[in-house]
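Residue 162 in full-length UniProt numbering is what sits at position 162 of the sequence shown, and the numbering runs on without skipping anything.
These notes concern the structure reproduced below.
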Amino acid sequence: MKPDLKQIQQPIATEMVEFEKKFRDFMKSKVKLLDHITSYIVKRKGKQMRPMFVFLTAGVSGQITEASYRGAALIELLHTATLVHDDVVDDANYRRGFFSVNALWKNKIAVLVGDYLLSRGLLLSVDNGDFELLKIVSHAVREMSEGELLQIAKARKLDITEEVYYTIIRQKTASLIASCCAVGAATSGADAVLVEKMRDFGEKVGMAFQIKDDLFDYGEDEIGKPVGIDIKEKKMTLPLIYALNNASWLDKKKIIYLIRNKNEDKKAVNEVIDFVKKSGGLDYADKVMNSYFEEALALLNEFPDSEYKTSLEGLVRYTIERKK
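Following this line, the structure appears as C-alpha cells:
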C-alpha cells in the first residue's frame, strides 16, 4: 500500500499542531521586517518530514517530551538558515515553488535573516541547557557544509568515485536525517547506545532518500525536479558514476566531454541520460537504494511494536516511494 503522509502523522498529529505554534513563537522578533519575513518562511513550509522523524523516533525510543519540541525546532531553525543562505549562494529565485527570501528582499537581508535563524536555534538550546542536542545538530550542519564543498571541488574535475559519492551524500543529506533521529532518541530518555542506533538508522534512511532524489534526474517519475538538472550542474550522481565505470574508454571520454562542455545543451543532456539508462545505471542505483532501505528497517525492527514504529516504517517507505 502506498504510504500516505497524513496517515503516517496520525500518532503525532497533536504534537505536529503544537510544534507549529511553538516554532512560530521561537522565530518571533521585535523587528517588524524580520517577523514579516519569518512569517513568510513558515507559510511556505514543506512536508515537515524532519519534525516527523524527531517525534516518531522519540515515541519509538521512549516518550515525546518538551525537549523533543525544542530539538525539532532547533533542527528546523538551523536547516532553514542553511537553505536561506544556499539560495543566496546559488542566486536562486525560487524555493518549493515560492519566491526565495533573496528574490523578494535581496541578498543582504537574506544573509542577515539566515544569521538570525541560526542564532535563534543556538540560543534556544543554550537557554534550556540542551547541550547534547546542540552538539548533535551542530555536527550535522558541519557535515552538510563539508559535503557541499567536497561536491563543488569534485564537480570541477568530474572525477567522483562511488566511494566519494557516498561520502558526499552521507554528509550533505543523510547527516541531517540522522540528526533528527538522534535528537528524537536523545529527548526521549534513551541512553547513548540507543541514541547512536537511531542516528545510524537515520543515516541509512538519508542515504536511500538522496539516491531516490538522484533517480528523479532521469525522468523516472512524471513529477519531481526538472529532468537532467544534476547533469546541467555537473553533479556526478550514482547512476552516472556506475555507467561511466562500466563504459569503454571512448564512451567515457565522450560523455565527460558532453557534461563538461555541453551541459546546457538539451540534446547533449538527453544523450547522457540515454547512456546512463542503457548502461544499467538506474537499476544499479535502485538496488543500492533498496539495500540502505532494508538496513534501516532491520534496525527499526529491533524496537518493540507500537503505533510510532508503524508510522516510522511508513515514513521510511515514503522516502523511497515518493514521486517528488
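Even glycine gets a Cβ: it sits at the ideal position worked out from N, Cα and C.
Here the structure is a predicted model, which means the values were calculated and not measured.
- Only buried fits residue 230, as 16 or more other CB atoms lie within 10 angstroms of its CB.
- Residue 290 counts as exposed, since fewer than 16 other C-beta atoms from the protein chains shown sit within 10 angstroms of its C-beta.
- If you look at residue 239, you'll find it in the alpha helix (DSSP H) that goes 238-245.
- With a cut-off of 8 Å on Cβ pairs, the stretch 169-184 is in contact with the stretch 196-205, counting three or more such pairs.
- Taking residue 33 as reference, the option from 189, 161, 172 and 110 with the minimal CA-CA separation is 110.
- Less than 8 Å separates the beta-carbon of residue 258 from that of residue 272.
- Residue 55 carries a helical assignment under DSSP once its states are collapsed to helix, strand and coil.
- Of the candidates 29, 85, 5 and 27, the residue whose Cα lies closest to the Cα of residue 47 is 5.
- Contact between residue 187 and residue 67 is confirmed by a C-beta separation of about 4 Å, below the 8 Å threshold.
- Using a Cβ distance threshold of 8 Å, residue 158 and residue 120 do not count as a contacting pair.
- Taking 8 Å as the cut-off, the beta carbon of residue 125 is found closer than this to the beta carbon of residue 134.
- Cβ-Cβ separation between residue 64 and residue 53: approximately 12 Å, too far for a contact (criterion under 8 Å).
- Distance between residue 238 and residue 152, taken at the CA atoms: about 16 Å.
- The continuous alpha helix (DSSP H) containing residue 192 extends over residues 192-216.
- Contact between residue 292 and residue 207 holds: their C-beta atoms lie close to 4 Å from each other, under 8 Å.
- Straight through space, the alpha carbons of residue 177 and residue 50 are spaced by roughly 7 Å.
- Membership of residue 303 in any alpha helix (DSSP H) is not indicated, and neither H nor E is assigned to it by DSSP.
- For the 8 Å CB-CB criterion, residue 312 and residue 57 form a contact.
- The Cβ-Cβ distance between residue 243 and residue 219 does not fall below 8 Å.
- Secondary structure note for residue 93: it is in no alpha helix (DSSP H), with a DSSP letter that is neither H nor E.
- By the Cβ-count criterion, residue 306 is exposed, with fewer than 16 other Cβ atoms from all chains shown falling within 10 Å of its own Cβ.
- Approximately 4 Å separates the beta-carbon atoms of residue 81 and residue 114; this is inside 8 Å, confirming the contact.
- For residue 9, the enclosing alpha helix (DSSP H) has its first and last residue at 5-9.
- When the beta-carbon positions are compared, residue 189 and residue 172 stay at least 8 Å from each other.
- Here residue 279 is buried: its Cβ has 16 or more other Cβ atoms, across all protein chains shown, within 10 Å.
- Here the alpha carbons of residue 61 and residue 131 stand approximately 20 Å from one another.
- Residue state for residue 158 is assigned as coil, using DSSP reduced to three classes.
- For the pair residue 215 and residue 286, the CB atoms are nearer than the 8 Å cut-off.
- For residue 187, the secondary structure class from DSSP, reduced to helix, strand or coil, is coil.
- The alpha carbon of residue 169 has as its nearest neighbour, out of 213, 195 and 185, the alpha carbon of 213.
- If you compare the alpha carbons of 270, 26 and 84 with that of residue 217, the shortest gap goes to 270.
- The C-beta of residue 13 has fewer than 16 other C-beta atoms within 10 Å across all chains shown, which makes the residue exposed.
- Spatial neighbours of residue 15 in its own chain (CB-CB distance under 7 Å, excluding positions within 5 residues in sequence) are listed in chain order as 55 and 64.
- Annotated three-state conformation of residue 29 is coil, per DSSP.
- Classified as exposed, residue 36 has fewer than 16 neighbouring CB atoms from the shown chains inside 10 Å of its CB.
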